[in-house]
């Protein structure tokens, strides 16, 4: 029996937007979402934020470079659903398990992201859905 990549829960849903400030204003005005800090992730070419929406979060992603992955995504598909993020423990081992199962990975090694340590699985491996594995950083309470 092969190992599985067990997930804990849906961590967040990523949404590509052209203007993160306008998107935050919209979610605040329409859905009552509180203001959120926007971070620049230079290595990914985006401005991003995580906003709590009920029991999960939305990650809003605005490209700062049209050549970035999110910039190319918006150019090809427009604004909208970008990725689904699944929370896991032991992300490095989970990526190795998926690789051993023959899934096409974007990241073979974990890297730092806005929501913790991350690694992406190519959409062609998961029914057309760009899938992000996330291992949350330990909280100060731990």
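Numbering (this note's numbering), first residue to last: 1 to 142. We put the CB at the ideal spot given by N, CA and C, even for glycine. Quick caveat, the model's predicted, so the values are computed rather than measured.
Where residue i falls: helix, strand or coil (DSSP)
i           : result
residue 63  : strand
residue 124 : helix
residue 16  : strand
residue 25  : helix
residue 33  : coil
residue 42  : helix
residue 47  : strand
residue 118 : strand
residue 7   : coil
Backbone CA spacing between residue i and residue j [nearest angstrom]
i           : j           : result
residue 15  : residue 50  : 10 angstroms
residue 91  : residue 133 : 7 angstroms
residue 123 : residue 94  : 17 angstroms
residue 35  : residue 48  : 13 angstroms
residue 26  : residue 100 : 42 angstroms
residue 78  : residue 62  : 12 angstroms
residue 40  : residue 68  : 13 angstroms
residue 107 : residue 33  : 32 angstroms
residue 116 : residue 86  : 12 angstroms
residue 131 : residue 118 : 10 angstroms
residue 125 : residue 105 : 8 angstroms
Cβ neighbour criterion (16 or more within 10 Å) applied to residue i
i           : result
residue 88  : buried
residue 112 : exposed
residue 127 : exposed
residue 11  : buried
residue 3   : exposed
residue 137 : exposed
residue 23  : buried
residue 98  : buried
residue 54  : exposed
Limits of the beta strand (DSSP E) - the one that residue i falls within
i           : result
residue 133 : 131 to 135
Worksheet item: Considering only residues of the stretch 51 to 115, which uninterrupted alpha helix (DSSP H) runs meet the minimum length of 4 residues and lie entirely inside it, listed in chain order?
Response: 69 to 77, 91 to 100
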